[in-house]
Amino acid sequence: MQQVTPPRRDPAPSRLSYRLNRLWLTPLFRKLLRTGLPAFVLIFTVMWYLGDTDRRDALGLAIADMRSSIEARPEFMVKLMAIDGASDDLAEDIREVVPLDFPISSFDLDLPALHETVAGLDAVAKADVHVRPGGILQISVRERMPAVVWRGRQGLELLDERGNRVAPLEARAARPDLPLIIGDGAETQVVEALQLFEVARPLKHRLLAVVRMGERRWDVVLDRDQRILLPERDPVAALRRVIALDQAEEMLDRDLVAIDMRNSARPTLRMAPDALEELRRIRELETRDSDG
Amino acid sequence: MTDLYQSQRAMRRIRKQAMDRGVVAVLDIGTSKVACLVLKFDGPDGFAEAEGIGSLAGQSMFRVIGAATTRSRGVSFGEIGAMNETERAIRTAVQAAQKMANVRVDHVIACLSGAAPRSYGLDGAVELEDSTVSEHDVARVMAACDMPDIGAGREVLHAQPVNFALDHRTGLIDPRGQIGNRLAVDMHLLTVEATALQNLLYCIKRCDLELAGVASSAYVSALSALVEDEQELGAACIDLGGGATGMSIFIKKHMIYADSLRMGGDHVTQDISKGLGVSQATAERIKTFYGGVVATGMDDREMIEIGGDTGDYDHDRRQISRAELIGIMRPRVEEILEDVRARLDAAGFDHLPSQKIVLTGGGSQIPGLDGLASRILGQQVRLGRPLRVQGLPQAATGAGFASVVGMCLFAAHPQDEWWDFDIPAERYPARSLKRAVRWFKDNW
């Protein structure tokens, strides 16, 4: 009896499978299918998803919500501001220029802008702004110390030793301890003015102010309408000479209107208009006495 | 003829492309098996101009990266009989080899074992234009050969210049640059039936492959089975295949004769099948396991179960002695060898200085064949196995793979053929643009 067996499977690949097999062995096709197709599907899906405005908005909203919920966590909140190294007035000013409503999230704080604002105050020499652990906005400042009073066209100002503005001043009498400088351009030469004041210490009780003349040289103004005209170059040495003369000959106690030191080779004295008459009269009296 | 010239040149171009790409397949479509090897070439710089064939026969620059064998279908006498079946067998082999190599092959070199090859010896001579032989002169002398009447429906498969003679000196391998007056050439022309060749081309085309070369199976198996000095001194290679027996004669490293016999191992199997009344598959199994050609007393006592599946106890328990099997096989093997002898005699093999005969192919594995062959073919017979090439799997190193391995060598180190030289200018049509270009090239 013949055994009935199914016909054996044909081991040969069909033409289609043969072609597909060869296609799969093609390097370019393989690369395309392995990387190109997934990349295309991914990009296409994302594009399709974002193609709809509502979905895009919803996505943006969800992201914003998530962000704000993270920002609003108590770990990131700043609850108060601490100001170090400022006088009460300055602290007041700083609180005025930094209008923050506490508590505020530290993500909303713009520390560089804050630093710029605080450092931009006239009275602040150096500022340091940072958020301390514990939710405290720490502002450390170093105040400018006023060194001179400057009377300019706008009124009285307090300047520090480098000429930076510190604060306006209502009246000279409010700060009698500080020397006075006057004139346009004086505020840029505060260092020199302070040297002049240092040299003129012996005349302190008579010294009223130093005046910048024509934005190039200094006049020292004393009481009794006396002036010392200093040269453009090396005014400190010229003032020293005047002081030395005064100490030796008490020159400034005499009836002089001005001592002109502008030409250092030829110092000139201007006497008061009546002084010469007075001198002659006194001489006449003296000779009459000796004759008589 | 120009048509063939063009198609052969196109094939050479494709082969060059394949070399540049570095991957080419060789395909042996035999009567009993289809074998496919995928070769990887190291690059065109591997083809350094070496003098003659190097010690490794030019095989160091390629590696076998894929190999597959499948049972052949639809092929008889080395010719394609059923296109669809053969196409499937080729697809099976190529796909398996591609899978092993993990690379796609587009170019394939095939060989033809049947198709009634005929050898012609041609000669031609020209007077040289100037005293030095140029490439152009070589082309001219080849064109000067008289084309024999190869008959209708036949195509030239190989046209190899075998020998150059310059004046009275002969035996030149490469005459270019030498000085003389008269250049003569001997050519070996091998023609095959055009239909068989076209069937092969068509079959390969249907598998989406491009043919990068086609060779005679007798030629390529001699390339792998003959050692270098045999090729040099003169030897014949007998490729005992399944459906056809190829024979080729080599001397001075050139093939001078090739022929094919439409008889092979399948006929032995058929004899066994008919003589014992068993199926073809059983007969093939009995032949491979117990076959032989020389009977001894021992063989009378060695009984072979030949089986059967009729259900009849007596029929299915038949036994024969091995001597009986040998008695069936031997006459057929003798017949094949005697036919080979006749063909070799007709070709004038006994005039060669050395008459070495190398048996290869699957049929050469019959035990005792060398003894039988030496009685028929002469004393200098040996069994040849193909050269070892790099990366060849152990399963493909047997004698049956001589032609596949030979094709690897053929791919790596092709012999110059007639179509590798330019057509001489006289052969161009009178008003061709190519002719004008050629004239400018020659005169400037």
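Those protein sequences? They're chains C and R, same order as listed. Per the numbering used here, residue 6 is the first one in the first sequence, and the count goes up by one each step. Per the numbering used here, residue 5 is the first one in the second sequence, and the count goes up by one each step. Even glycine gets a Cβ: it sits at the ideal position worked out from N, Cα and C. Computed from a predicted model, the values in this text were never measured in an experiment.
Whole-number beta carbon distance between residue j and residue i, since they are thought to touch under 8 Å
i: A415/R; j: V28/R; result: 6 Å
i: D189/C; j: E220/C; result: 5 Å
i: A262/R; j: I361/R; result: So it is not a contact: roughly 15 Å between Cβ atoms.
i: L244/R; j: G269/R; result: 6 Å
i: G246/R; j: G352/R; result: Their Cβ separation, rounded to whole angstroms, is 28 Å, which puts G246/R and G352/R out of contact at 8 Å.
i: L116/C; j: I99/C; result: At roughly 14 Å, the Cβ-Cβ gap does not stay under 8 Å, so L116/C and I99/C are not in contact.
i: P179/R; j: V142/R; result: 7 Å
i: V344/R; j: L265/R; result: 6 Å
i: A71/R; j: L41/R; result: 5 Å
i: E187/C; j: V216/C; result: Just to set this straight, residue 187/C is Ile in the shown sequence, not Glu. Correct: roughly 4 Å between the Cβ atoms.
i: V195/C; j: E162/C; result: Actually they are not in contact, since the Cβ atoms of V195/C and E162/C sit about 11 Å apart, beyond 8 Å.
Beta strand (DSSP E) segment containing residue i, residue limits
i: D32/R; result: 27–33
i: F168/R; result: 158–170
i: I177/R; result: That residue, I177/R, is in no beta strand (DSSP E); it is neither H nor E in DSSP.
i: C40/R; result: 37–45
i: C115/R; result: 111–116
i: A119/R; result: From DSSP, A119/R is part of no beta strand (DSSP E); its letter is neither H nor E.
i: M191/R; result: 186–197
i: M276/C; result: 273–276
i: I141/C; result: 141–148
i: G68/R; result: In the sequence as displayed, the identity of residue 68/R is Val instead of Gly. From DSSP, the beta strand (DSSP E) with V68/R extends over 66–75.
i: R13/C; result: First-last for R13/C: undefined, no H or E at that position.
i: E162/C; result: 160–164
Proximity of residue i and residue j at Cβ, strictly below 9 Å
i: S450/R; j: G250/R; result: This structure cannot speak to residue 450/R, because chain R is shown only from 5 to 448.
i: C211/R; j: I290/R; result: no
i: R222/C; j: L235/C; result: yes
i: I18/R; j: E214/R; result: yes
i: A216/R; j: L194/R; result: no
i: G128/R; j: V145/R; result: yes
i: S228/R; j: S407/R; result: yes
i: L373/R; j: L329/R; result: no
i: W29/C; j: R20/C; result: no
i: P371/R; j: V272/R; result: no
i: P343/C; j: N26/C; result: Lying outside 6 to 297, the shown extent of chain C, residue 343/C is not represented and no answer is given.
i: M333/R; j: G295/R; result: yes
i: L105/C; j: M86/C; result: yes
i: T35/R; j: C207/R; result: no
i: L341/R; j: L381/R; result: yes
i: K37/R; j: G404/R; result: yes
i: V196/R; j: M411/R; result: no
Enclosing alpha helix (DSSP H) for residue i [first to last residue]
i: D243/R; result: From DSSP, D243/R is part of no alpha helix (DSSP H) but of the beta strand (DSSP E) over 239–244.
i: Q323/R; result: Run containing Q323/R: none in the alpha helix (DSSP H); it sits in the beta strand (DSSP E), 323–325.
i: M302/R; result: 301–305
i: K131/C; result: Premise fails: K131/C lies in the beta strand (DSSP E), 129–137, not in any alpha helix (DSSP H).
i: K360/R; result: From DSSP, K360/R is part of no alpha helix (DSSP H) but of the beta strand (DSSP E) over 360–364.
i: P240/C; result: 240–254
i: V466/R; result: Any answer about residue 466/R is impossible in this case: the structure gives chain R only from 5 up to 448.
i: R92/R; result: 87–105
Where residue i sits in the DSSP three-state scheme
i: G250/R; result: strand
i: E133/R; result: coil
i: N447/R; result: helix
i: V226/C; result: strand
i: M218/C; result: strand
i: Q394/R; result: coil
i: L199/C; result: helix
i: P48/R; result: Confidence at P48/R is low in this model, with a pLDDT of 49, below 50, so the placement of that residue should be treated as unreliable; the coordinate-derived value is given next. Here P48/R sits in helix by DSSP.
i: L284/C; result: helix
i: I332/R; result: helix
i: D320/R; result: helix
i: R267/C; result: coil
i: G125/R; result: strand
i: A229/R; result: helix
i: S221/R; result: helix
i: E289/C; result: helix
i: A61/R; result: Below a pLDDT of 50, predicted positions are generally treated as unreliable, and A61/R, at 46, falls in that range; the measurement from the model is reported next regardless. Three-state result, A61/R: coil.
i: V103/C; result: coil
i: A54/R; result: With a pLDDT of 48 at A54/R, under the threshold of 50, the predicted position of this residue should be treated as unreliable, though the coordinate-derived value follows. Looking at A54/R - three-state DSSP - the assignment turns out to be coil, as it is neither helix nor strand.
i: E237/C; result: coil
i: G352/R; result: coil
The ligand HEM heavy atom lying under 8 Å from the CB of residue i
i: R347/R; result: This structure lacks the ligand HEM, and indeed carries no ligand of any kind.
Entirely within the stretch 17–90 of chain C and at least 3 residues each: give me those beta strand (DSSP E) ranges in chain order. 85–89
Enumerated in chain order, which unbroken segments of the alpha helix (DSSP H) with a length of 4 residues or greater are wholly contained in the stretch 258–284 of chain R? 269–280
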